[in-house]
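K.L.:
Just so you know, the sequences run in chain order A and B.
Just so you know, we're using this note's numbering here: the first sequence kicks off at 1 and counts up by one.
Just so you know, we're using this note's numbering here: the second sequence kicks off at 401 and counts up by one.
Let me begin by handing over the structure; questions about it come next.
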Amino acid sequence: MKTTILIKLATQSIRKNKMRAALTMLGIIIGVAAVIVMVAVGFGARQRIRAQINNLGTNMIVITPGAAQAAGVSQGAQAFPNLSLEDVQKIRDEAQVVTAVSPVIVTRTQVIGDAGNWRTLINGVDVDYATIRDWQTTSGDWFAEDDVQGMRKVALLGKTVADQLFPGTDPVGQEVQIRNVPFDVVGVLAPKGQTASGSDSDDVVIIPYTTARTALSGRTFIPQILASTASEGEIAAAQNEIRVLLRESRDAEDFTVRNQNDLAQAAEGSTKVMTMLMAAIASISLLVGGIGIMNIMLVSVTERTREIGIRLAIGARGSDVLTQFLVESIVMGVFGGIIGLTLGVVGSKLLGHFTGWETVISPIVMLVAVAFSGAVGVFFGYYPARKAAALHPIQALRYE
Amino acid sequence: MEHVIHTEGLTKTYTSGTNEVHALRGIDLTIGRGELVAIMGTSGSGKSTLMNLLGCLDSPTEGAYELDGVRVESLGKNELAAIRNQKLGFVFQGFNLLPRTTAVENVELPLLYDRSGRKLNTRATAIAALERVGLADRLDHQPSELSGGQQQRVAIARALVTSPALVLADEPTGNLDTHTTIEVMALLQELNEEGVTIVLVTHEPEVAVYAKRIVEVRDGRIVRDEPVKNRRMAADDLEKAEVAA
């Protein structure tokens, strides 16, 4: 029999039992919608983290002290103040693939401006920092090599700090006091938003590291060195290079070299688990939906025994009946899948709209969800369909 | 005379455990084209079994059965399905129409299962069949919207739509009142006049008198096979009933 006729017969029979078909599909609809929403939320979270990590800079490498092993006991990262300006210099002079390098000296202190005072993070960095973090200014300019060499008291304000200390005015050319030392504001940084850990990237003041050492901390150790390469493909080579260079002046590998990907993976790890967990739970409802289809199809075979008998009597083959029931359950599965997909997409958008979560709907997930609901139709429809096809016409006709 | 049905020594034995039930014990029956035969018998006589065998709904235990020139006693399930589709039309006591399905869709159904490869407009053929039984104005009515007599007409149209060699009617008037029974019999007689071969299974003598020939089955054997004496024409009876009313 022609496929078009089969589909016609199947849809005819579904249309004749609209309520039952709708209830049957409900399980699939809810299951697919749930999977779509869960995965959309999970993917959204992942994409957000990815974006935040990328926001850190381009092709960035982070060197931190630590991971030292003292007599086999790991001291953990940052246990020892063992990165120095010499290390920075060495990387700058000898590394081949590394194109930019900068120490980061971190201090947290009070900053006084026009509109009051504000406790914030002071980062003492080199000029390369702008390149590494790919951080533009919205007003003014980054300080130059001269400012670093001359230990000049110049500062760039993050967006948050600028808003707090100079609301409504351009701080460039004005003065801030950091630990009672006056600094000239030379620039305001473009906003970068939240970091992966949820803190505010723009709540920061950036000054030359030389100035930071002399005027603020007085400490000699460097808590973090940032470096970057010209292209993404060179990151691994650069990491190796840095590791070898730093190792030359040390007895032990008491530092950690990581790239953005490492950071991203660490941050994504938990979201990935959550996404999979949520999708797994949602898949269970899809499975339950499939069992619902099987249940209704089984009831339907019994209920329609006479109908099957009539069809067999007027010349339908067992295989015709089998295919008809199978097509019915596939149509219900796929149709339910499409409705569920629509609901899931709309639901994801609404959820994103009302909660502010980012939701990402992946076309592959959409395709898989619909294909899977069709497969559910085949799988759970086969047994009832076979039962229907195996009926003997005489018994089926006599069935009351 | 060219025959539509020819059986020789048709037997059917049902086995349940060690019990053997001989439903048919050797039926020799020949029915020619254009006949209108009533198969009679009480319940348990074997007439239903005979009807199932003649209708290719079941296979005989022994014996030969030739239907419209085809030996069918040893055919497989799918071949029997094709035979039922091509050569047979069924009319049942309980009408057996698909519920929530319009008259024309019901009549069209056998054509949808047609594998013979003949190309035809199934919808138009179904409409023509319904016109033939006088239901041209009920095409899109569902069975629940039709009277018993109308439902049976739809069933007759469904049986005719494939132009079968034989129409098998199993107690076609069993669920109908006297007047409607005569109406349906009038239709069957009319179709028979047009050349349709009809086998009618009934236990009611007042229905059997509309046939041309009576075959009586008892205990799995044919005990009587003779032309109907005092054959009645249902159309005349209808006229008389109208005059009386």
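Where a beta carbon is used, it is the ideal one built from N, C-alpha and C, also for glycine.
Does any CB atom of chain B fall closer than 8 Å to the CB of A313 (chain A)?
P.N.:
For the purposes of this step, residue 313 (chain A) is taken as the residue at position 313 of the first sequence. Yes, A313 (chain A) lies at the interface with chain B (some Cβ there is under 8 Å from its Cβ).
K.L.:
Could you tell me whether any Cβ in chain A is nearer than 8 Å to the Cβ of R632 (chain B)?
P.N.:
As a position in the second sequence, residue 632 (chain B) is number 232, starting the count at 1. No, R632 (chain B) does not count as interfacial toward chain A.
K.L.:
Starting from R258 (chain A) and walking both ways along the beta strand (DSSP E), at which residues does that stretch end?
P.N.:
The sequence position of residue 258 (chain A) within the first sequence is 258, counting from 1. It spans 255-259 - the beta strand (DSSP E) in which R258 (chain A) sits, taken as one unbroken run.
K.L.:
Would you check if the region 159-169 of chain A and the region 101-109 of chain A touch, i.e. whether three or more CB-CB distances between them fall below 8 Å?
P.N.:
No: fewer than three Cβ pairs fall under 8 Å.
K.L.:
Quick one: grab the DSSP three-state call for M294 (chain A).
P.N.:
What you label residue 294 (chain A) is simply residue 294 of the first sequence in a count that begins at 1. Looking at M294 (chain A) - three-state DSSP - the assignment turns out to be helix.
K.L.:
Within 10 angstroms of its Cβ, does L520 (chain B) collect 16 or more other Cβ (buried), or is it exposed?
P.N.:
The sequence position of residue 520 (chain B) within the second sequence is 120, counting from 1. It is exposed - the Cβ of L520 (chain B) has fewer than 16 other Cβ atoms within 10 Å.
K.L.:
So the candidates are A:T24, A:G31, A:P103, A:A22; which of them puts its Cα closest to the Cα of M60 (chain A)?
P.N.:
By 1-based counting over the first sequence, the position of residue 60 (chain A) is 60. If we check each option's Cα against that of M60 (chain A), A:P103 comes out closest.
K.L.:
Identify the contact partners of L322 (chain A) in chain B, using a Cβ-Cβ distance below 9 Å as the criterion.
P.N.:
Reading the first sequence from its first residue, position 322 is the one you call residue 322 (chain A). Those do not exist, as L322 (chain A) stays about 12 Å from chain B at its closest Cβ, beyond 9 Å.
K.L.:
Is DSSP giving V401 (chain A) helix, strand or coil here?
P.N.:
Residue 401 (chain A) is absent from the model: chain A starts at 1 and stops at 400.
K.L.:
Starting from L424 (chain B), trace the beta strand (DSSP E) in both directions and tell me its first and last residue.
P.N.:
Taking the second sequence and counting its residues from 1, the one referred to as residue 424 (chain B) is at position 24. Unbroken beta strand (DSSP E) run through L424 (chain B): 419-432.
K.L.:
For the alpha helix (DSSP H) that contains D93 (chain A), what are its first and last residues?
P.N.:
Translated into positions along the first sequence, residue 93 (chain A) becomes position 93. Note, D93 (chain A): alpha helix (DSSP H), 85-94.
K.L.:
What is the C-beta distance between T210 (chain A) and V148 (chain A), in whole angstroms, given that I count them as a contact (C-beta under 8 Å)?
P.N.:
As a first step, residue 210 (chain A) is located in the first sequence; it is residue number 210 there, counting from the start. As a first step, residue 148 (chain A) is located in the first sequence; it is residue number 148 there, counting from the start. Contact holds; Cβ gap of about 5 Å.
K.L.:
Could you tell me whether the Cβ of A482 (chain B) comes closer than 8 Å to any Cβ of chain A?
P.N.:
Within the second sequence, residue 482 (chain B) is the residue found at index 82, counting from 1. Closer than 8 Å: yes.
K.L.:
Going straight from the alpha carbon of D540 (chain B) to that of Q493 (chain B), what length do you get?
P.N.:
Stepping through the second sequence from its first residue, residue 540 (chain B) is reached at position 140. Stepping through the second sequence from its first residue, residue 493 (chain B) is reached at position 93. Rounded to the nearest angstrom, the two C-alpha atoms are 23 Å apart.
K.L.:
Could you check what DSSP says for D184 (chain A) in three-state terms: helix, strand or coil?
P.N.:
Along the first sequence, read from residue 1 onward, the residue named residue 184 (chain A) stands at position 184. Strand, per DSSP.
K.L.:
So, under 8 Å CB-CB, S300 (chain A) and F380 (chain A) are touching, yes? Tell me the CB distance rounded to an integer number of Å.
P.N.:
Residue mapping note: residue 300 (chain A) aligns to position 300 of the first sequence, counting from 1. Residue mapping note: residue 380 (chain A) aligns to position 380 of the first sequence, counting from 1. Not confirmed; about 12 Å, so no contact.
K.L.:
Whose Cβ in chain B lies nearer than 7 Å to the Cβ of A316 (chain A)?
P.N.:
Taking the first residue of the first sequence as position 1, residue 316 (chain A) is located at position 316. By Cβ distance, chain B contributes A481, Y513.
K.L.:
Enumerate in chain order the residues of its own chain whose CB-to-CB distance from T573 (chain B) is below 6 Å, with the five nearest sequence positions on each side excluded.
P.N.:
Translated into positions along the second sequence, residue 573 (chain B) becomes position 173. Closer than 6 Å at Cβ, skipping near neighbours: T581, V584, V607.
K.L.:
Just to make sure I have the definition right: I need the residues of chain B whose C-beta is within less than 7 Å of the C-beta of E307 (chain A). Which are they?
P.N.:
The residue labelled residue 307 (chain A) in the question sits at position 307 within the first sequence. Those are L498, listed as they occur along chain B.
K.L.:
Could you name the residues of chain A that D458 (chain B) contacts, counting a contact when the two beta carbons are closer than 7 Å?
P.N.:
Sequence index remark: in the second sequence, residue 458 (chain B) carries index 58 (1-based). The answer, in chain order, is I394.
K.L.:
Could you check whether the Cβ of T501 (chain B) sits closer than 8 Å to any Cβ belonging to chain A?
P.N.:
Numbered from 1 along the second sequence, position 101 holds the residue referred to as residue 501 (chain B). Judged by the 8 Å Cβ criterion, T501 (chain B) is in contact with chain A.
K.L.:
Going by DSSP in three states, N117 (chain A) sits in which element: helix, strand or coil?
P.N.:
For the purposes of this step, residue 117 (chain A) is identified with residue 117 of the first sequence, where counting begins at 1. Of the three classes helix, strand and coil, the one that applies to N117 (chain A) here is strand, per DSSP.
K.L.:
Rounded to the nearest angstrom, what separates N180 (chain A) and A40 (chain A) at their Cα positions?
P.N.:
Residue numbering aside, residue 180 (chain A) sits at position 180 when the first sequence is read from its first letter. Residue numbering aside, residue 40 (chain A) sits at position 40 when the first sequence is read from its first letter. Cα to Cα, the separation comes out at about 50 Å.
K.L.:
Keeping to the same chain, check which residues put their C-beta closer than 6 Å to that of Y129 (chain A); ignore five residues upstream and five downstream.
P.N.:
Taking the first sequence and counting its residues from 1, one reaches residue 129 (chain A) at position 129. S102, listed in sequence order.
K.L.:
Leaving out five residues on either side along the sequence, give the residues of the same chain with a beta carbon under 6 Å from the beta carbon of I29 (chain A).
P.N.:
Against the first sequence, residue 29 (chain A) aligns to sequence position 29. Result list for I29 (chain A): G336, I339, G340, in chain order.
K.L.:
Determine the direct distance from the alpha carbon of N592 (chain B) to that of I614 (chain B), and round the result to whole angstroms.
P.N.:
In the second sequence, counting from the first residue as 1, residue 614 (chain B) sits at position 214. In the second sequence, counting from the first residue as 1, residue 592 (chain B) sits at position 192. So the two alpha carbons sit approximately 15 Å from each other.
K.L.:
Rounded to the nearest angstrom, what separates A503 (chain B) and V554 (chain B) at their Cα positions?
P.N.:
Locating residue 503 (chain B) in the second sequence gives position 103, where the first residue counts as 1. Locating residue 554 (chain B) in the second sequence gives position 154, where the first residue counts as 1. Approximately 6 Å between the Cα atoms of the pair.
K.L.:
Give the interface partners of N478 (chain B) over in chain A, defined as CB-CB distance under 7 Å, in chain order.
P.N.:
What you label residue 478 (chain B) is simply residue 78 of the second sequence in a count that begins at 1. R317, listed in chain order.
K.L.:
From A:I293, A:V186, A:R306, A:K90, pick the residue whose C-alpha is nearest to that of V327 (chain A); which is it?
P.N.:
As a first step, residue 327 (chain A) must be located in the first sequence, where it is residue number 327. The shortest C-alpha separation from V327 (chain A) is found at A:I293.
K.L.:
Judging by CA-CA distance, which residue of B:P564, B:Q552, B:E626, B:L475 is the nearest neighbour of V596 (chain B)?
P.N.:
Numbered from 1 along the second sequence, position 196 holds the residue referred to as residue 596 (chain B). The option with the nearest alpha carbon to V596 (chain B) is B:P564.
K.L.:
Does the distance from the C-beta atom of S459 (chain B) to that of Q486 (chain B) stay below 8 Å?
P.N.:
Within the second sequence, the letter at position 59 stands for residue 459 (chain B). Within the second sequence, the letter at position 86 stands for residue 486 (chain B). No, the Cβ-Cβ distance between S459 (chain B) and Q486 (chain B) is not below 8 Å.
K.L.:
Evaluate A282 (chain A) with the Cβ neighbour count: other Cβ atoms within 10 Å of its Cβ, from every protein chain shown; 16 or more gives buried, anything less gives exposed.
P.N.:
Residue numbering aside, residue 282 (chain A) sits at position 282 when the first sequence is read from its first letter. With 16 or more Cβ atoms within 10 Å of its Cβ, A282 (chain A) is classed as buried.
K.L.:
Would you tell me roughly how many angstroms separate the C-alpha atoms of A70 (chain A) and N82 (chain A), rounded to the nearest one?
P.N.:
Residue numbering aside, residue 70 (chain A) sits at position 70 when the first sequence is read from its first letter. Residue numbering aside, residue 82 (chain A) sits at position 82 when the first sequence is read from its first letter. Legend: pLDDT at A70 (chain A) = 48, less than 50; position of this residue unreliable, value from coordinates given subsequently. Whole-angstrom Cα-Cα distance: 14 Å.
K.L.:
Note down, in chain order, every chain A residue with its Cβ under 7 Å from the Cβ of P510 (chain B).
P.N.:
Within the second sequence, numbered from 1, the residue matching residue 510 (chain B) stands at position 110. Result: I314, G315.
K.L.:
With distances taken between CB atoms, is the gap from I122 (chain A) to L26 (chain A) smaller than 8 Å?
P.N.:
Within the first sequence, numbered from 1, the residue matching residue 122 (chain A) stands at position 122. Within the first sequence, numbered from 1, the residue matching residue 26 (chain A) stands at position 26. No; because the gap between Cβ atoms is not below 8 Å, this pair is not in contact.
K.L.:
Where DSSP assigns a beta bridge to A464 (chain B), which residues make up the other side?
P.N.:
Position 64 of the second sequence, counted from the start, is the residue given in the question as residue 464 (chain B). Paired residue(s): B:E408.
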